[in-house]
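J.:
2 protein chains.
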Amino acid sequence: MVTLSEENYLKTIFHLGRHEKASVSTNAIAQKMETKASSATDMIKKLSEKGLVDYQKYKGVQLSENGRLAAISVIRKHRLWEVFLVNKLSFSWDEVHEVAEQLEHIKSEKLTLELESFLDYPTQDPHGDPIPDSNGSIPSTQKLLLAKVKQGHQCICVGVKDSSSEFLKYLDKYKIALGSQIKVISKEAYDESMTLKINDIQKTISKEVAQNLFVKTN
Amino acid sequence: MVTLSEENYLKTIFHLGRHEKASVSTNAIAQKMETKASSATDMIKKLSEKGLVDYQKYKGVQLSENGRLAAISVIRKHRLWEVFLVNKLSFSWDEVHEVAEQLEHIKSEKLTLELESFLDYPTQDPHGDPIPDSNGSIPSTQKLLLAKVKQGHQCICVGVKDSSSEFLKYLDKYKIALGSQIKVISKEAYDESMTLKINDIQKTISKEVAQNLFVKTN
DNA sequence: CTTAAAGTTTAGTTAAGACTAAAAATTTAT
DNA sequence: ATAAATTTTTAGTCTTAACTAAACTTTAAG
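These protein sequence lines are chains A and B, in that order.
1 is the number of the first residue of the first sequence in the numbering used here; add one for each residue after it.
1 is the number of the first residue of the second sequence in the numbering used here; add one for each residue after it.
Structure representation (structure tokens):
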């Protein structure tokens, strides 16, 4: 049995280790979990004893196969619930995170499968993140940061890197949503701001925004 | 803030105190919670300090107004989720309890309200129990135990007293459901068994069954 | 009306998951 | 290459919610 707290740590380790092959540091975990390094060490030991992570003192951790599956299961539930909240109840994409953080810990295989079916097997959540299937496979999408798109090129918004309520509300304000057509009109070398044409409306965005929007070129 | 454990105690005290005006005993609470009396005493003290129950040593507890509202809120969520599981996902009425026990603790006023709306404001759960509204009012229904119905009388099944999976499966087996037409053909004085006509099929049920089915006479 | 039985509370432990402070290991910089 | 800085771990404490065992109330029986 994996406790709620253990699930949260596994999820954090998964996200931190997602893009590096190197192991995840105690401090990084503590910071993301908004706790102290000593607490993280305690939990790491527990996860290690349960075979959910590979751990060597002072060398950080990596998820074991079982740990990876447990983390993905939680992430799968989180994202399915987000789809439910947005598509079935009238939540907006900036309101779902907190509630999904609670719902992701509900333990019922049947519930998850039935929910997935009820939602018509969605492949991504309201922020464009992929939803793992029941075997733990994560559909891969070829997306890149808007900041990397060259001047003159056209693309479609397919996801957000920062899914904080503040950023999502900013996007709402300027009618930027998943599926929006974006053309890069110009890039400013000085501050890395970009001028875009979004669904035919011109708008200049900062580096911060460009580095938190995922797009697909077409 | 009310913890998960506190919510479970409040719910138990509510159910135990439902039909008596007298206060609820420590032992009764401990038994329902499947814990020890000493643990119940500890929790009762905590609830008392939080103003959720009125407590006098050796004299049992009663819910305060705040405690009653907190208990009803949990019961409301439990029953709404049960409706969701049965009506929207394909759960049967004997499968919902365990999952609803988890879902009832999700904290989000918006979620509860949106869920209620999505389900079209149901007034009862899949077992015929009333669903409290957002103010904490519980719609009252005039129902009585089938065991109390006199020979020759006609009634409709409107609820179950025992909502254990075993009892619900028994009812499924003999096609007894909410809404079933029941006519009392005869009652056996010796063992209090009853012979019924249920949706035109004759069936003899034991005292145990008759005492766990709620009906409405018509 | 006193004593036995039953019910309740208190006192002292335990486990999980957090914390602080201090020690130990690793990394960085001179 | 060693000292300083940073990171990580250890040791000891706290809180929540459970437990056992013992003490104390209340209730029931004779």
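Glycine residues also receive a C-beta, built at the ideal position from the N, C-alpha and C atoms.
Considering only the beta carbon of each residue, do Ser163(A) and His127(A) sit closer than 8 angstroms?
T.: As a working mapping, residue 163(A) is identified with position 163 in the first sequence. As a working mapping, residue 127(A) is identified with position 127 in the first sequence. Yes, the Cβ-Cβ distance between Ser163(A) and His127(A) is below 8 angstroms.
J.: Looking at the unbroken alpha helix (DSSP H) that takes in Ser39(A), where does it start and where does it end?
T.: Taking the first residue of the first sequence as 1, we reach residue 39(A) at position 39. 37-49 is the span of the alpha helix (DSSP H), which, as asked, contains Ser39(A).
J.: Nearest-angstrom Cα distance between Gly60(B) and Ala28(B)?
T.: One-based indexing of the second sequence puts residue 60(B) at position 60. One-based indexing of the second sequence puts residue 28(B) at position 28. Cα-Cα distance, rounded: 10 angstroms.
J.: Could you tell me which whole beta strand (DSSP E) segments of length 3 or greater appear in the region 105-172 of chain B?
T.: 154-160
J.: Please identify, using Cβ separations under 9 angstroms, the residues of the region 86-107 of chain A that lie next to chain B, in order along the chain.
T.: Within the region 86-107 of chain A, the residues whose Cβ lies closer than 9 angstroms to some Cβ of chain B are Lys88, Leu89, Ser90, Phe91, Glu95, Glu98, Val99, Gln102, Leu103, His105, Ile106, Lys107, listed in chain order.
J.: Pull up the DSSP beta-bridge partners for Thr195(A), would you.
T.: Taking the first sequence and counting its residues from 1, one reaches residue 195(A) at position 195. According to DSSP, which records beta bridges pairwise, Thr195(A) is partnered with Ser186(A), Thr204(A).
J.: Run through DSSP, which three-state label would Phe84(A) get?
T.: Numbered from its first residue, the first sequence carries residue 84(A) at position 84. It is helical.
J.: Roughly how many angstroms lie between the CA atoms of Tyr170(B) and Leu115(B), to the nearest whole one?
T.: Numbered from its first residue, the second sequence carries residue 170(B) at position 170. Numbered from its first residue, the second sequence carries residue 115(B) at position 115. For Tyr170(B) and Leu115(B), the distance between alpha carbons rounds to 30 angstroms.
J.: Under 8 angstroms between C-beta atoms, does Leu171(A) make it to chain B?
T.: In the first sequence, the residue the question calls residue 171(A) occupies position 171. No, its Cβ sits nowhere closer than 8 angstroms to a Cβ of chain B.
J.: Using a Cβ-Cβ distance cut-off of 8 angstroms, determine whether Phe118(B) contacts chain A.
T.: Locating residue 118(B) in the second sequence gives position 118, counting from the first residue. Phe118(B) counts as touching chain A.
J.: Which residues in chain A have a C-beta closer than 9 angstroms to the C-beta of Glu114(B)? List them in chain order.
T.: To locate residue 114(B), count along the second sequence from 1; it is residue 114. By Cβ distance, chain A contributes Leu85, Lys88, Leu89, Ser90, Phe91.
J.: Find out if the Cβ-Cβ distance for the pair Phe14(B), Ala71(B) is shorter than 8 angstroms.
T.: As a first step, residue 14(B) is located in the second sequence; it is residue number 14 there, counting from the start. As a first step, residue 71(B) is located in the second sequence; it is residue number 71 there, counting from the start. Contact annotation: Phe14(B) and Ala71(B) have beta-carbon atoms nearer than 8 angstroms.
J.: Do the region 91-109 of chain A and the region 149-156 of chain A make contact, defined as three or more Cβ pairs closer than 8 angstroms?
T.: no
J.: When you compare the region 48-64 of chain A with the region 133-149 of chain A, are there three or more beta-carbon pairs, one atom per stretch, that lie closer than 8 angstroms?
T.: no
J.: Strictly below 8 angstroms CB to CB, what residues from chain B border Leu80(A)?
T.: Here residue 80(A) refers to the residue found at position 80 when the first sequence is read from its first residue. Simply none; closest approach about 12 angstroms.
J.: Sorted by chain position, which residues of the same chain lie with C-beta nearer than 7 angstroms to Ser134(B)'s C-beta, five sequence neighbours on each side aside?
T.: Start at 1 with the first residue of the second sequence, and residue 134(B) comes out as number 134. Leu113, listed in sequence order.
J.: By how many angstroms is the C-alpha of Pro130(B) removed from the C-alpha of Thr123(B)?
T.: As a first step, residue 123(B) must be located in the second sequence, where it is residue number 123. As a first step, residue 130(B) must be located in the second sequence, where it is residue number 130. When rounded, the distance between both Cα atoms is 6 angstroms.
J.: Buried or exposed: Ser73(A), going by 16 or more other Cβ atoms within 10 Å of its Cβ?
T.: One-based indexing of the first sequence puts residue 73(A) at position 73. So Ser73(A) counts as buried.
J.: Quick test of your reading: Ser39(A) and Asp54(A), contact by CB under 8 angstroms. State the CB separation rounded to the nearest angstrom.
T.: On the first sequence, residue 39(A) is found 39 positions in, with the first residue counted as 1. On the first sequence, residue 54(A) is found 54 positions in, with the first residue counted as 1. Wrong, their Cβ atoms sit about 20 angstroms apart, outside the cutoff.
J.: So with Cβ pairs under 8 angstroms, would you call Leu47(B) a contact of chain A?
T.: As a first step, residue 47(B) is located in the second sequence; it is residue number 47 there, counting from the start. No, because no Cβ of chain A sits closer than 8 angstroms to the Cβ of Leu47(B).
J.: Quick check: the Cα distance between Thr41(B) and Glu166(B), rounded to an integer number of angstroms?
T.: Translated into positions along the second sequence, residue 41(B) becomes position 41. Translated into positions along the second sequence, residue 166(B) becomes position 166. Their Cα atoms are separated by approximately 32 angstroms.
J.: So what does DSSP say about Phe214(B), is it helix, strand or coil?
T.: Counted from its first residue, the second sequence places residue 214(B) at position 214. Residue state, collapsed to three classes: strand.
J.: Return the chain-ordered list of same chain residues with a C-beta closer than 8 angstroms to the C-beta of Ile75(A), the five sequence neighbours on each side being excluded.
T.: On the first sequence, position 75 is the one that residue 75(A) refers to. Only Lys11, Phe14, Glu104, Pro132 meet the Cβ criterion.
J.: Is the CB of Leu111(B) under 8 angstroms away from at least one CB in chain A?
T.: Indexing the second sequence from 1 puts residue 111(B) at position 111. Cβ-Cβ to chain A under 8 angstroms: yes for Leu111(B).
J.: Tell me the DSSP bridge mates of Ile55(B)?
T.: Within the second sequence, residue 55(B) is the residue found at index 55, counting from 1. Note that residue 55(B) is Tyr in the sequence shown, not Ile. For Tyr55(B), which the question treats as bridged, DSSP gives the partners Val61(B).
J.: Mapping the DSSP letters down to three states, classify Val2(A) as helix, strand or coil.
T.: As a working note, residue 2(A) is residue 2 in the first sequence. Reduced to three states, the DSSP call for Val2(A) is coil.
J.: Using the Cα positions of Thr260(A) and Ala30(A), report the straight-line distance between them to the nearest angstrom.
T.: As displayed, chain A neither begins before 1 nor continues past 218, which places residue 260(A) out of reach and without an answer.
J.: How should Asp191(B) be labelled, buried or exposed, when 16 other C-beta atoms within 10 angstroms of its C-beta is the threshold for buried?
T.: Mapped onto the second sequence, residue 191(B) falls at position 191. So Asp191(B) counts as exposed.
J.: By alpha-carbon positions, which one of Lys175(B), Ala147(B), Leu80(B), Phe91(B) ends up nearest to Asp120(B)?
T.: As a first step, residue 120(B) must be located in the second sequence, where it is residue number 120. Cα-wise, what sits closest to Asp120(B) is Leu80(B).
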